[in-house]
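Here's the structure we're looking at; comments come further down.
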Amino acid sequence: MSNLVNLNNILSQYNGISLSEMDSVSLLDRMDSKFVFSAKLLPEILVQAKDNYKVLTIDKERIFSYRSLYFDTSDNKMYLDHHNGRLNRYKVRIRTYINTGISFLEIKFKTKNGRTLKKRIKTDNIDAVLTDESRKFISENMPISAGALEPKIYSTFLRLTLVDNKLSERVTIDYDLGFENGSHNKTLSNLAIAEVKHDGKKIRFLFHS
Numbered sequence: 015m016s017n018l019v020n021l022n023n024i025l026s027q028y029n030g031i032s033l034s035e036m037d038s039v040s041l042l043d044r045m046d047s048k049f050v051f052s053a054k055l056l057p058e059i060l061v062q063a064k065d066n067y068k069v070l071t072i073d074k075e076r077i078f079s080y081r082s083l084y085f086d087t088s089d090n091k092m093y094l095d096h097h098n099g100r101l102n103r104y105k106v107r108i109r110t111y112i113n114t115g116i117s118f119l120e121i122k123f124k125t126k127n128g129r130t131l132k133k134r135i136k137t138d139n140i141d142a143v144l145t146d147e148s149r150k151f152i153s154e155n156m157p158i159s160a161g162a163l164e165p166k167i168y169s170t171f172l173r174l175t176l177v178d179n180k181l182s183e184r185v186t187i188d189y190d191l192g193f194e195n196g197s198h199n200k201t202l203s204n205l206a207i208a209e210v211k212h213d214g215k216k217i218r219f220l221f222h223s
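Going letter by letter, the sequence shown gives residues 15 to 223 in my numbering.
Spelled out as C-alpha cells, the structure:
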C-alpha cells in the first residue's frame, strides 16, 4: 500500500493498548458487523477515530501481517452456508501471526442469534495436513469430521486493531488483501475491510450512523 508511511504517522498519534490490556475485550462471544470500503479512505477514517480509540501495540509495531488457511468440505458447505447467510454455521482455519510466528487452529460458530463463538488452540503446524491434535480438537467442537475437511484457500493481509476507550468494542481493519487457492492468485489492494466486534449493544465505530 503506497500510503503505509502515512498510516504509521497517523497511528503514532494514537494511545497504545497492549495484548494483555486488550484481553478484557477479546470478545470470543460477540456480535460482528463488517464494512467494506475503499482503502483510499483509511487515512481519513483513522484521523476521525483517534480521539475515541486506542491501537494495539506490540514491540512498538501497530500494523501486523497475517496469513490464514481455510478448510472446507469437498462441496464447500461452510462457504455456501456463509454466502447464503445461514445461521448455526461453522468456519475452520489456521491463522498465523507473521510478526510473532504464532499459529492457531480456530473454529468459529455463528449462532442462530447472530452471535459469533470462537474456540482455538495453538498449533505449530501451518501446513495443509491437519495434525492428530487438530483433528481431535475439530471432532470435539463441531459436527463435521476432520476427515471431511480439505484445504481450500490461503489469505494474506495487513491488520491494525483499534479498541474503544470504554473497552467494550474492538475494530480490526484489514487491507492489502491477497488470496491463493493453488491455481489462482488474486490481490485486492484497493479495498479494506473493517470488522466491528462488540457485545451486542450499540456500535460506536464511525461506520455506524
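Beta carbons are placed, not taken as given, at the ideal position from N, Cα and C, and that holds for glycine.
heavy atom of the ligand NAP below 7 angstroms from L191 C-beta: Ligands in the displayed structure: none, and consequently the ligand NAP is not present.
Whole-angstrom distance between H212 and S181, CA atom to CA atom: According to the sequence provided, residue 181 is Leu. The question's Ser does not apply to it. One C-alpha to the other measures close to 10 angstroms.
Three-state secondary structure assigned by DSSP to R149: The three-state secondary structure of R149, taken from DSSP, is helix.
Option nearest F171 by Cα separation, candidates S34, S26, A53, M36: F171 has its Cα closest to that of A53, out of S34, S26, A53, M36.
C-alpha distance - L62 paired with D37, whole-angstrom precision: According to the sequence as given, residue 62 is Gln; it is not Leu. Near 25 angstroms, if we compare the C-alpha coordinates of D37 and Q62.
One or two residues paired with A206 in a DSSP bridge: Per DSSP, F51, Y189.
6 angstroms Cβ shell around S223 - same chain, five flanking residues per side excluded: Unreliable placement is indicated for S223, whose pLDDT of 43 sits below 50; the coordinate value is still reported in the next sentence. Excluding sequence neighbours, S223 sits near nothing in its chain.
Pairwise C-alpha distance: L119 and R134: R134 and L119: Cα-Cα distance of roughly 5 angstroms.
Cβ neighbour criterion (16 or more within 10 Å) applied to D188: Flag for D188 reads buried.
In chain order, each alpha helix (DSSP H) run of at least 4 residues that lies wholly inside the region 78-164: Segments of the alpha helix (DSSP H) lying fully in the region 78-164: 91-97, 146-155.
Selection from H97, K126, T175, N20 that minimises the alpha carbon distance to G30: When only C-alpha atoms are compared, the closest one is T175.
CB of R103 within 8 angstroms of CB of K132, strictly: Cβ atoms of R103 and K132: not closer than 8 angstroms.
Outcome for T13 when other beta-carbon atoms lying within 10 angstroms are tallied against a minimum of 16: For residue 13 there is no data in the structure shown, the boundaries of the chain being 15 and 223.
Exposed unless 16 or more other CB atoms sit within 10 angstroms - verdict on T137: Flag for T137 reads buried.
S117, buried or exposed, once every other Cβ within 10 Å from all chains shown has been counted against 16: Classification of S117: buried, given that the 10 Å Cβ count is 16 or more.
Residue nearest to K74 in terms of C-alpha spacing, selected from M156, L191, K105, N23: Of the listed residues, the one whose Cα sits closest to K74 is N23.
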